[in-house]
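Each remark here refers to the structure printed beneath this line.
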Ligand SMILES: Cc1ncc(COP(=O)(O)O)c(C=O)c1O
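Protein chains in written order, with this note's numbering: chain E, 7 to 268; chain W, 22 to 415.
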């Protein structure tokens, strides 16, 4: 199933998307495999798999630390592809890759997209690649059948949002706060709701909200006015705190289920 | 055609690779800078502070003994004599006035050697802005005096504990804070790197170096120099010197990068790196084949950075400039050479450029050279002492 089909299915069932972010290679490459399958079993709708980068300028301390571990464990674009290929028969949840631009650039944009597609990824989100720099990237993504998700933020001007909408496919990622990923952010739900309502008038694309979202209550509220909630640092922190405990995968499943509103 | 183009590109390099959150503030900055550039009072104001506060113009000093020793004719552009002790103040004054022009009340800055941090803290005092400086923990340890200076000047110095704990990480952390408080904070970037329009703005504010030097050398020698030599970290003192000579095709540009300890451990992004994207710009970056940025090293904290200003990458690829390396041990020799021959103690960054003159002299006897003496060595005395002690112990 790809992202488009996923959102169609959710719409038909009257549900909203629960999207989980985890960085590849954290706490290890082997455990990432188990974690992805556990997220699938816990009923996650879409998985955002982070490609670790040495200088994650949009990430807060939790994801920074996880990224550093992943890099120390040898995570790279090559073993992400081989890992995903190995998982392909069992991993059915639509997979989006979240990354910074430099690892793609070094792999070669065309080669990267073609290999990622073969490995089963269906969308790409590149944190530091705004639409203005993304012409060739979008052309190649389209060629290889990868959806290009772009970001809209609370400080994005109206005209700019229109352009972003025209450039995006798959879904739109609405960043809830000005700031980095992490916990303990103050979210302003009223202005979020207002802004997203305006965007909804302009596009059929699903709009999902991320950054700072990590409780069931927050997800419930975000679901009221959007098409999905993205949980990153909360899950990463749970993994960091629990991965060496007994029954880790069961705990993870339970935790993820507990976040998901009924 | 004037560079960068509208999208911030110098040929294949530059651009604006930033999280979407920063888009509107960079647009705001572009517009404000275009307005300020046309505004006579902005220029008058900046010129006033450059002259009366920072002590411009700086001298172009004929280094008689060094020249005789090397068989060159060397002039030193004395940025070391500026207030706060390095060229960084040129840029900080310009950008702080720009921040005020934009109505911002708070600036943030990254620093490696602490020279930019000190100049940012200084202008923040001068213009009544609040100032937070991000500095890698390792740099804080090796540049303790500068940390203390910033604190005396009322700036908050925020230790950065991530990554290699040096300039690269300080820069990442400053960007994170900027993304967070984008609505009211001005990011006063310290060199010719970062997303468009920063490389252009910093270049413009530093170009006073070459503008003065060009007039001074013509006055003193009745001709243009054969070579311009400057050290390259992010590239601001070098670009500041080079820029106004761009059209003088016979004047050769030499940028000296930090060769560090070895081919594997250095900060020579153009010489040893590959094209990549770091901190908002496409440029030469020290990285592995998977695009992960490598750890760097230089004896000079101000050169210890895995990227370089995109305009230098452009000069390199278009062959307008030549980029070379000088190792730690050689920079120390340059440091001693200038101190002993001329009675001028250079910053370790500048000492890289000084040492290179020795190599240059081999094939270019009698050549006329302008060297950018980007800063003074006061901040480096402890480091030099520890290296010399280690040398003595063998
Ligand atoms: C004295 C001095 N020279 C040179 C540099 C390197 O910076 P840039 O390449 O931007 O001139 C620094 C940076 O801290 C410095 O303090």
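Every residue, glycine too, gets a C-beta built ideally from N, C-alpha and C.
Checklist entry - Beta carbon of residue 337 (chain W): closer than 7 Å to some heavy atom of ligand 1? => result The beta carbon of residue 337 (chain W) sits no closer than 7 Å to any heavy atom of ligand 1.
Checklist entry - When DSSP labels each residue in this structure, what does residue 150 (chain W) get in the three-state scheme? => result Here DSSP, grouped into helix, strand and coil, assigns residue 150 (chain W) to coil.
Item to check | Three-state secondary structure assigned by DSSP to residue 106 (chain E) | outcome: In the three-state scheme derived from DSSP, where H, G and I count as helix and E and B as strand, residue 106 (chain E) is classed as coil.
Next on the checklist: If I measure Cβ to Cβ from residue 304 (chain W) and keep anything under 6 Å in the same chain, skipping five residues before and after, which residues do I get?
Outcome noted: For residue 304 (chain W), where only same-chain residues beyond five positions count, the Cβ hits under 6 Å are 34, 328, 329, 331, 334.
Checklist entry - Does the beta carbon of residue 220 (chain W) come closer than 8 Å to any beta carbon on chain E? => result No - not a single Cβ of chain E is within 8 Å of the one on residue 220 (chain W).
Checklist entry - Beta carbon of residue 40 (chain W), beta carbon of residue 72 (chain E): below 8 Å? => result In this structure, residue 40 (chain W) lies away from residue 72 (chain E), with their beta-carbon atoms at least 8 Å apart.
Next on the checklist: DSSP has residue 40 (chain W) in a bridge; who is on the other side?
Outcome noted: In the DSSP secondary-structure assignment, residue 40 (chain W) is not bridged to any residue.
Checklist entry - Among E:231, E:224, E:150, which one has its Cα closest to the Cα of residue 212 (chain E)? => result Per the Cα distances, E:231.
Checklist entry - How should residue 113 (chain E) be labelled, buried or exposed, when 16 other C-beta atoms within 10 angstroms of its C-beta is the threshold for buried? => result With 16 or more other Cβ atoms from the protein chains shown falling within 10 Å of its own Cβ, residue 113 (chain E) counts as buried.
Checklist entry - When the distance is taken between beta carbons, is residue 282 (chain W) closer than 8 Å to residue 318 (chain W)? => result Taking a C-beta distance under 8 Å as the contact criterion, residue 318 (chain W) and residue 282 (chain W) qualify as a contact pair.
Checklist entry - Does DSSP classify residue 341 (chain W) as helix, strand or coil? => result Under the three-state reduction of DSSP, residue 341 (chain W) is assigned to coil, being neither helix nor strand.
Item to check | Among W:391, W:289, W:72, the one whose alpha carbon lies nearest that of residue 321 (chain W) | outcome: If we check each option's Cα against that of residue 321 (chain W), W:289 comes out closest.
Next on the checklist: Closer than 7 Å to a non-hydrogen atom of ligand 1 - does that hold for the CB of residue 262 (chain W)?
Outcome noted: For ligand 1, not one heavy atom lies less than 7 Å from the Cβ of residue 262 (chain W).
Next on the checklist: Below 7 Å, is the gap between the Cβ of residue 29 (chain W) and the nearest heavy atom of ligand 1?
Outcome noted: No, Cβ of residue 29 (chain W) sits at least 7 Å from all heavy atoms of ligand 1.
Checklist entry - Taking Cβ-Cβ distances shorter than 8 Å, what residues in chain E pair up with residue 193 (chain W)? => result Within chain E, the residues near residue 193 (chain W) are 61, 62, 63.
Next on the checklist: Relative to the C-alpha of residue 95 (chain W), which candidate in W:402, W:164, W:251 has its C-alpha closest?
Outcome noted: Of the candidates W:402, W:164, W:251, the one whose C-alpha sits nearest the C-alpha of residue 95 (chain W) is W:251.
Item to check | Contact between the stretch 104 to 116 of chain W and the stretch 338 to 348 of chain W (3+ Cβ pairs under 8 Å) | outcome: They do not touch, by the three-pair rule.
Checklist entry - Hey, is residue 242 (chain E) close to ligand 1, as in C-beta under 7 Å from one of its heavy atoms? => result No; taking the cut-off as 7 Å, the Cβ of residue 242 (chain E) has no heavy atom of ligand 1 nearer than that.
Checklist entry - Grouping DSSP H, G and I as helix and E and B as strand, with all else coil, what is residue 295 (chain W)? => result Annotated three-state conformation of residue 295 (chain W) is strand, per DSSP.
Checklist entry - Thinking C-beta only, is residue 82 (chain W) closer than 8 Å to residue 97 (chain W)? => result Between residue 97 (chain W) and residue 82 (chain W), the C-beta gap is smaller than 8 Å, which places the two residues in contact.
Checklist entry - Buried or exposed: which applies to residue 176 (chain E), given that a residue is buried once 16 or more other Cβ atoms fall within 10 Å of its Cβ? => result Buried: at least 16 other Cβ atoms inside 10 Å.
Checklist entry - Are the C-beta of residue 70 (chain E) and some C-beta of chain W separated by less than 8 Å? => result Chain W, which has a Cβ nearer than 8 Å to the Cβ of residue 70 (chain E), makes this yes.
Checklist entry - What residues match up with residue 129 (chain E) in a beta bridge as DSSP calls it? => result For residue 129 (chain E), DSSP records a beta bridge to E:102, E:153.
Item to check | Neighbour-count burial assignment, residue 65 (chain W), 16 or more Cβ in a 10 Å radius | outcome: Exposure of residue 65 (chain W) is indicated by the presence of fewer than 16 other C-beta atoms within 10 angstroms of its C-beta.
Checklist entry - So, using beta-carbon positions, are residue 141 (chain W) and residue 209 (chain W) closer together than 8 Å? => result One thing to note: residue 141 (chain W) has its Cβ within 8 Å of the Cβ of residue 209 (chain W).
Checklist entry - In or out: residue 112 (chain W) buried (at least 16 other Cβ within 10 Å) or exposed? => result Buried.
Checklist entry - With respect to 7 Å, is the separation between the Cβ of residue 258 (chain W) and the closest non-hydrogen atom of ligand 1 below this value? => result Yes, ligand 1 has a heavy atom inside 7 Å of this Cβ.
Next on the checklist: I want to check one thing, is the minimum distance from the CB of residue 370 (chain W) to the heavy atoms of ligand 1 below 7 Å?
Outcome noted: Correct: residue 370 (chain W) has its Cβ closer than 7 Å to ligand 1.
Item to check | Cβ shell of residue 134 (chain E) (< 6 Å), same chain only, five flanking positions each side left out | outcome: Cβ neighbours of residue 134 (chain E) beyond the five flanking positions: 106, 107.
Checklist entry - Listed in chain order, which residues of the stretch 130 to 143 of chain E have Cβ atoms closer than 7 Å to some Cβ of chain W? => result Answer set for the stretch 130 to 143 of chain E: 133, 134, 135, 136, 138, 139.
Item to check | Per-residue contacts from residue 28 (chain W) into chain E (C-beta, under 9 Å) | outcome: For residue 28 (chain W), the chain E residues whose Cβ falls inside 9 Å of its Cβ are 138, 139, in order along the chain.
Checklist entry - With C-beta atoms as the reference, is residue 198 (chain W) less than 8 Å away from residue 180 (chain W)? => result No. Outside cutoff.
Checklist entry - Which residues, in chain order, does the stretch 114 to 132 of chain W contribute to contact with chain E at a C-beta distance below 7 Å? => result Within the stretch 114 to 132 of chain W, no residue places its CB atom closer than 7 Å to a CB of chain E.
Next on the checklist: Let me see if you follow: with CB-CB separation under 8 Å, is residue 196 (chain W) close to chain E or not?
Outcome noted: So yes, residue 196 (chain W) belongs to the interface.
Item to check | Extent of the continuous beta strand (DSSP E) run through residue 416 (chain W) | outcome: The structure shown has nothing for residue 416 (chain W), since chain W only spans 22 to 415.
Checklist entry - Taking Cβ positions only, does residue 119 (chain E) come closer than 8 Å to chain W? => result It does not: the Cβ of residue 119 (chain E) has no partner Cβ on chain W nearer than 8 Å.
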